[in-house]
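Remarks on the structure that follows.
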Amino acid sequence: MNKDLLNADLQLVAWEITRRCNLTCAHCRASAEDTAYSGEFSTEECFKVIDSIADVAKPILILTGGEPLMRPDVFEIGHYAGSKGLRVVLGSNGTLITEELAAKMKSVPIARVGVSLDFPTAEQQDSFRGREGAFDAAVRGIGVCREAGIPVQINSTVTRMNISYLDKLLELALELGAVAFHPFMLVPTGRGKGLADVELSPEEYESTLNWIYDKQAELGDRIFFKPTDAPHYMRIVAERRARCGSPSEGKAHPGGHPINRISRGCLAGVGFCFISHTGKVKGCGYLDVEAGDLKKSSFSRIWAESPVFRNLRNLECLKGKCGDCEFKRVCGGCRARAYEATGDYLEAEPYCVYNPPQRSGK
Numbered sequence: 027m028n029k030d031l032l033n034a035d036l037q038l039v040a041w042e043i044t045r046r047c048n049l050t051c052a053h054c055r056a057s058a059e060d061t062a063y064s065g066e067f068s069t070e071e072c073f074k075v076i077d078s079i080a081d082v083a084k085p086i087l088i089l090t091g092g093e094p095l096m097r098p099d100v101f102e103i104g105h106y107a108g109s110k111g112l113r114v115v116l117g118s119n120g121t122l123i124t125e126e127l128a129a130k131m132k133s134v135p136i137a138r139v140g141v142s143l144d145f146p147t148a149e150q151q152d153s154f155r156g157r158e159g160a161f162d163a164a165v166r167g168i169g170v171c172r173e174a175g176i177p178v179q180i181n182s183t184v185t186r187m188n189i190s191y192l193d194k195l196l197e198l199a200l201e202l203g204a205v206a207f208h209p210f211m212l213v214p215t216g217r218g219k220g221l222a223d224v225e226l227s228p229e230e231y232e233s234t235l236n237w238i239y240d241k242q243a244e245l246g247d248r249i250f251f252k253p254t255d256a257p258h259y260m261r262i263v264a265e266r267r268a269r270c271g272s273p274s275e276g277k278a279h280p281g282g283h284p285i286n287r288i289s290r291g292c293l294a295g296v297g298f299c300f301i302s303h304t305g306k307v308k309g310c311g312y313l314d315v316e317a318g319d320l321k322k323s324s325f326s327r328i329w330a331e332s333p334v335f336r337n338l339r340n341l342e343c344l345k346g347k348c349g350d351c352e353f354k355r356v357c358g359g360c361r362a363r364a365y366e367a368t369g370d371y372l373e374a375e376p377y378c379v380y381n382p383p384q385r386s387g388k
């Protein structure tokens, strides 16, 4: 068995079922707007995609956008996915959620709703999201979900604009009764390219990921932290556990809920993939390298045969210090960030401060 080959274990699929959105967020990788986009799949075509996904595995299916609630058949799609054995979650800005929609989510059933909050105050959130009232509407949507019995996670894109508010964002997540807090480390793609100047430095990434580790240890099962687009968190977990011992870190949240699973840093093409609104399959939503096209091939074939995915599963393909790193099996570096920085998705993660011992003397 080749120790440098990772097993393909499909755990998560994020599907941009529509690019249309009622907000114009500053960081949006899709540069989404409130307009109709051509090339989106019909309901029946969506069902066929779900059938092909189910031929591979029964992953968690994240229905996202854009704003997925702007698609009238979103709950039909969710219900069909559930009937095929997939666990369905919804990624939303939260502003459109009403009691009626929450009841429909519950009947699908939607296992969890992820709502994006990047600032703890209305003025800041509304400015970042491009719409007055966005903060209050999102908070109201979170409350409606909780009243309907739907667990909510808070997603926050972390930049220098809000890094000083992380403690307040966490307090807000706890106050709102969120079951999880997912800090997203910005990958400047789409409209997010305009935020490149406020992206965290490698040192700030390191500090933030250590903050996450400390807060998870402090809060235990009160809330679950899952840093996204930050695969080197797995290296930090390993280092911290080795120093002081904390056997639960890096594993599932106490209670073992599958949505809280952290199995590896970069899951692109290994345990995770992204489907665009027009059916383009990629390693993740931030990695703008096409692995296949669902209008030309089945999901199952793309997942099994895509050269891009095969490269992502072969650790021998990693270059630079990521290729030399002893943590590459659990981390792998952010392939999207490497691609945006160098044009090569197999190059070294540019926002990791760690230098592998193997590189000494090079």
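Heads up, the sequence shown is in our numbering, so the first residue is 27 and it goes up one at a time.
Here a beta-carbon is modelled for each residue, glycine too, at the ideal position from N, C-alpha and C.
- By a beta-carbon distance limit of 8 Å, I249 contacts A199. Their separation comes to about 6 Å.
- Within the model, the alpha-carbon separation for Y239 versus G246 is close to 10 Å.
- L338 is classed as buried because its beta carbon has at least 16 other beta carbons within 10 Å across all chains shown.
- The shortest CA-to-CA distance from S324 to any of L122, D81, C47 is the one to D81.
- With respect to the 8 Å criterion, V334 and V315 are classified as neighbours on the basis of their beta carbons.
- According to DSSP, residue pairing for D314 in a beta bridge does not occur.
- Per the DSSP secondary-structure output, A199 pairs with nothing in a beta bridge.
- Nearest to G120 by C-alpha distance, out of M131, G111, R113, is M131.
- F300: member of the beta strand (DSSP E) spanning 298-301, first to last residue.
- Per the Cβ contact rule, the segment 356-376 is not in contact with the segment 318-332 (fewer than 3 Cβ pairs under 8 Å).
- At a cut-off of 4 residues, the continuous stretches assigned as alpha helix (DSSP H) that sit fully inside the segment 309-372 are 325-331, 333-339, 346-350, 361-368.
- Looking at the backbone, the Cα of R267 and that of R261 are separated by about 10 Å.
- Counting only residues of its own chain and dropping the five nearest sequence neighbours on each side, T304 has a CB closer than 6 Å to the CB of G65.
- Minimum Cα-Cα distance from C360 among the listed residues I189, P98, V213 corresponds to V213.
- Contact check between the segment 143-163 and the segment 71-81: fewer than three CB pairs, one atom from each, fall below 8 Å, which does not count as touching.
- Judged by their CB atoms, V184 and L226 are nearer to each other than the 8 Å cut-off.
- The three-state secondary structure of L36, taken from DSSP, is coil.
- For V82, the enclosing alpha helix (DSSP H) covers residues 69-82.
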